[in-house]
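To keep things clear, I will list the structure first and then write my remarks on it.
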Amino acid sequence: MTTLQLAPTADFGIFGDAIHLIFHGQQAQTAGRTVGGISAIWDLTLTQLKVTGLAMGCGMLIALPAGVILGHFGRGEFLAISIGNLGRAVPELGLIIFMASAIGVGVLNLTIALTILAIPPMLTNSFVAMRQVDRDTVQAARGMGMTTREVITAVELPLAIPTIMGGVRTSSTNVVATATLGPLAGVLTLGDLILQPAVYGQQGVVAGAICVAVLALILELCLAGVQHLLTSPGLRLARASA
Amino acid sequence: MIEALPYAAVVLHNRTNESGCVPDNGLFCPSWAADNWHDFVTPSLQHLVLVAVPILLGFVIALGLAIVAHRRRWLMPPILGATGALYTIPSIAFFFLLTPLIGRGRETAIIALTVYTLQIIFRNILAGLDNVPAGAKDAGRGMGLTQNQLLWGVELPLALPEIIAGLRIAIVSTAALATLAVFVGGGGLGTEIFTGSKVFNTRLIMASLLVMAIAFCFDGLLLLLQRLVTPWRRAVPA
Amino acid sequence: MSIKRSMMSAKALLAALLSLVLVLGVAACGSDDNSDSGGGGGGGGGKTIASNPKNGNVKLTIGSKNFTEQIVLGQIYAQALKAAGYDVKTDLNLGSETIALQALKSGQISGYPEYSSTALTSFFKAAPEDVPSDPQESYSQAKADFEKEGLTAFPPTPFASANAVGTLKSTAQKLGLKDVSDLKGKSQDLTLYGSPECRQRVDCLVGLQDDYGLKFKSFTPVDIALRYPVLDKGQADLSILFTTDAQLAADKDKYVILNDDKKVFPAGNVIFVTDQDTAEKAGPDYEGTITEVQKGLTIPVMQELDARVDIDQQDPAEVATQYLQESGYIK
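Residue numbers (this note's numbering), protein chains in the order written: chain A, 1 to 242; chain B, 1001 to 1238; chain C, 2001 to 2331.
Below you can see the structure in the form of structure tokens.
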């Protein structure tokens, strides 16, 4: 005798429903349990940030030193560029499902998959950034008697920061977006709202989309701020007037 | 009492304690790959369509937007912002958001994938147009070319390398993203990743490698196109 | 090469590319429908499905939920209906039962196979212990409830399936688990893995929490296809399994199902749910073909078909064709 509950069909009202889901929670579509609400959304967001942070951290530890060193010595160009291209072609869905079934589910395994996705843009960008440093500047530094380490840290890196940070930002956008697929690997991120319309309804999909988009924008702004801080003032002027 | 067919002759196999590459889900089972490669043909063809059509559509739309933004600079930030905002929405959400509006299927997937190409292609076309040397434009104007002739005869050809670079990035990303089409019934190689038993390593690896192969084939074609269309750059070392 | 000539050869390449895309598009269009079984034109012998030309103008889209048994069933029904002369498309792997029902109500699909117990507990809010154990009773009750929504259901399959709490035999022996009630007092240290919709279902986590009064260390939602790998890898202490799973039959010494002593996991036979308008327009062959072709689906047969997909890693569409051919429904 019960009428079957289905998602509301009004498209405009759906944004209101999505906001309501985020802040107040709602009755689950399938059974009498409350879902959503600010604390539940916050938990999902924190998990997504945690996984993203872990993956970016590991990725940076691997990709940045490798790209910088290879770029400085001019070795391994084919490798650095190819890994960059390969990384862009890897289907995220395949990678996550493969990790989930081959290694197992959970935060650790999802992080491994996301790290694999994070490395290529950062590796390629840091390599290209180092190569693009004006050769005359490097020669001048060597002529001044700087050691290799000083040349890298005092001359090349500061000039390469913008492009390197560009790679970091691209990576983080990709990782945050792919972390949305976390529920497929047993990790509850904001993707749960999107992938379980049975529980959250269509408004859940909208809510999830809004939350991830906001998260990605905030992350992008933070990284842009970091880039601004790390870019030496002289470069900032040069870029502004270019 | 539900009547069961008395003459059902489905062969029942005993799989107790079966071992081997396939039942144990080994990393890669070449024998299975050799026997079942034909299962990948239809999904691969569907995937090719899911990649090629969004790129062509995205290119046409982005080109239009870029030409407009190039002429009226004040339009650039809003268009860039709009395409960027669409890009930040997680792709999987975009697929599901479109479903109540236009239903499921290949068309939905193509529209979502097209939207995703817009930002990359738009940014690169615009960057390419911006990087056209002022001298070339002056020479063109000096020759009496109209604005349209200048655009199609001088600016766009000189911007081609950057445009094609953008297309190459977009097409590789689209190839990977098109695997998500399975969530809206759009076919493609995602169906080999996310249907059936879902946990068989050999199938996952084969499907993923095919996606990457498609990506690189398109990438190579575009690289070829670039070499053909910009003969004046062949003299310059890469 | 002058710029003009290279532009022309570029145009030629573009034209070639475009025509390639068009050709691929046509090819992909043509192979949209996965089921390419033979069939049709059978005539004669009792069980072979005969193609009825009157069915040709009826378009049907067969859906299914998102795990192996459902996808195989969807393919069996789709291919059988195609052999009967209908114009059939498939839209399988839709999602959980709520998604499938939504797809049916919105007209996206014509019908899909549902378990009568799932229909009664998830859609019509029946308590698990109130689900009739007799398949015909369960079917009539579900059908009556569906008809109030403008839908209808066809008679049930011989086999029934149910959710179950499963674990490794070693875990069960170590903890002395035979019934689900044995988990009382032990479950707070055990992790449970199940499908995402399990969190909201009375014949799943909700029933375990409310009727059995169990608290678990954690519940992790994973895709249904991972229900055995998580046990194998030692990540899950307990996992929600299905009684018709092929892995249970193949690895009898490895996995064990805990006995459902409080009857929280009712078994359900598969009934094909469709909407009443489609059923009327499609004619008698719609229900007739489906009820005929599912007669061979006993528990051992369903387990065998599941095994061919989950263990032998065959394509579900091919396995469905094999079933129809081996049973003599299509040539």
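All residues carry an ideal CB built from backbone N, CA and C; glycine is no exception.
Open item on the list: Measuring straight from C-alpha to C-alpha, what distance separates glycine 59 (chain A) and alanine 118 (chain A)?
Closed with: Glycine 59 (chain A) and alanine 118 (chain A): Cα-Cα distance of roughly 6 Å.
### Query
When you compare only the Cα positions, how much space is there between glycine 2328 (chain C) and cysteine 1021 (chain B)?
32 Å
Inset, instruction - Confirm, please, whether the CB-CB distance from asparagine 1201 (chain B) to phenylalanine 1028 (chain B) is below 8 Å. - result: yes
Are any of the Cβ atoms in chain C nearer than 8 Å to that of valine 133 (chain A)? no
| field | C-alpha gap between glycine 2039 (chain C) and leucine 2081 (chain C), whole angstroms | value | Note that glycine 2039 (chain C) scores 32 on pLDDT, short of 50, meaning its location in the model is unreliable and no value can be drawn from it.
Discussion item. Tell me the residue span of the beta strand (DSSP E) that contains cysteine 2114 (chain C).
Written reply: It should be noted that the sequence gives glutamate, not cysteine, for residue 2114 (chain C). Glutamate 2114 (chain C) -> beta strand (DSSP E) spans 2111-2115.
Fill in: Residue interval of the beta strand (DSSP E) (run including alanine 2119 (chain C))
It is not in any beta strand (DSSP E) - alanine 2119 (chain C) carries neither H nor E in the DSSP assignment.
Exercise. From glutamine 2108 (chain C) to histidine 1070 (chain B), what distance separates their C-alpha atoms?
Worked result: 43 Å
_If the cut-off is 7 Å on Cβ atoms, which residues from the region 1174-1195 of chain B count as contacting chain A, listed in chain order?_
Ala1175, Ala1176, Thr1179, Leu1180, Gly1190, Ile1193, Phe1194
Fill in: Neighbour flag for phenylalanine 73 (chain A) against chain B, beta carbons, 8 Å
no
Can you tell which of B:Leu1129, B:Ser1208, B:Asn1124 has its C-alpha closest to the C-alpha of arginine 1168 (chain B)? B:Asn1124
Exercise. Please report the residue range of the alpha helix (DSSP H) in which phenylalanine 1216 (chain B) lies.
Key: 1201-1229
- Message: I'd like to know whether the C-beta of methionine 1076 (chain B) is nearer than 8 Å to at least one C-beta of chain A.
- Response: no
| field | glycine 1105 (chain B) versus leucine 2101 (chain C) - alpha carbon distance | value | 18 Å
So is glycine 1081 (chain B) buried or exposed if we call it buried at 16+ other beta carbons inside 10 Å?
exposed
Note to self: Residues in the same chain with beta-carbon distance under 6 Å from valine 1010 (chain B), minus the five sequence neighbours each way, listed in chain order, please.
What the structure shows: none
Flag alanine 55 (chain A) as yes if its beta-carbon sits less than 8 Å from any beta-carbon of chain B, otherwise no. no
Check: Do we get a CB-CB distance below 8 Å when we pair proline 162 (chain A) with the residues of chain C?
Finding: no
Original post:
Any idea if phenylalanine 2335 (chain C) is buried or exposed, counting beta-carbon neighbours within 10 angstroms, 16 or more meaning buried?
Top reply: What the structure shows of chain C is the stretch from 2001 to 2331, and residue 2335 (chain C) is not part of that stretch, so it cannot be assessed.
- Query: Closer than 8 Å, CB to CB, is valine 1011 (chain B) near chain A or not?
  - Reply: no
ask   = For chain A, is any of its Cβ atoms less than 8 Å away from the one on valine 1199 (chain B)?
value = yes
Please work out which residues of its chain come closer than 6 Å, Cβ to Cβ, to threonine 2157 (chain C), disregarding the five sequence neighbours upstream and downstream, and give them in chain order.
-> Asn2269, Val2270, Gln2294, Leu2297
Practice item. Pair every Cβ in the region 202-221 of chain A with every Cβ in the region 185-192 of chain A, then say whether three or more of these pairs are closer than 8 Å. Key: yes
Along chain A, in chain order, which residues have C-beta atoms closer than 7 Å to that of aspartate 2223 (chain C)? Leu184
- [ ] Have a look at C:Gln2209, C:Met2302, C:Gly2213, C:Lys2281 and flag the residue whose alpha-carbon is nearest the alpha-carbon of glycine 2056 (chain C).
- [x] C:Lys2281
Check your understanding: How about the region 1158-1173 of chain B and the region 1110-1124 of chain B: do they share at least three Cβ pairs that are nearer than 8 Å?
Key -> Taking a contact to require three or more Cβ pairs closer than 8 Å, the region 1158-1173 of chain B and the region 1110-1124 of chain B qualify as touching.
### Message
Please report the distance separating the alpha-carbon of isoleucine 1156 (chain B) from that of alanine 1066 (chain B).
### Response
Per the sequence shown, the amino acid found at residue 1156 (chain B) is leucine instead of isoleucine. Straight-line Cα distance between these residues: approximately 11 Å.
Under 8 Å, do methionine 130 (chain A) and valine 168 (chain A) count as touching if we go by C-beta distance?
-> no
Are at least three pairs of beta-carbons, each pair with one atom in the region 1193-1210 of chain B and one in the region 1133-1150 of chain B, less than 8 Å apart? no
**Study point:** Unbroken beta strand (DSSP E) run spanning serine 2164 (chain C), endpoints
**Key:** With the sequence shown as reference, residue 2164 (chain C) is identified as alanine, and serine is not the correct amino acid for it. It spans 2163-2168 - the beta strand (DSSP E) in which alanine 2164 (chain C) sits, taken as one unbroken run.
Name, please, each residue of chain B whose Cβ falls closer than 7 Å to the Cβ of lysine 2252 (chain C). Thr1016
Among C:Val2072, C:Asn2052, C:Ala2249, C:Lys2047, nearest to methionine 1196 (chain B) - alpha-carbon criterion
Here the sequence assigns glycine to residue 1196 (chain B), which means methionine is not the residue at that position. Residue C:Val2072 is the option with its Cα nearest to glycine 1196 (chain B).
Query raised in the report: Using the rule of at least 16 other Cβ atoms within 10 Å of the residue's Cβ for burial, across every protein chain shown, is aspartate 1024 (chain B) buried or exposed?
Result: exposed
query = When you compare only the Cα positions, how much space is there between leucine 223 (chain A) and alanine 18 (chain A)?
reply = 28 Å
Notebook entry, point to check: Comparing alpha-carbon positions, which option in C:Asp2145, C:Val2180, C:Ile2099 lies nearest valine 1184 (chain B)?
Noted result: C:Ile2099
query = Buried or exposed: proline 2284 (chain C), going by 16 or more other Cβ atoms within 10 Å of its Cβ?
reply = exposed
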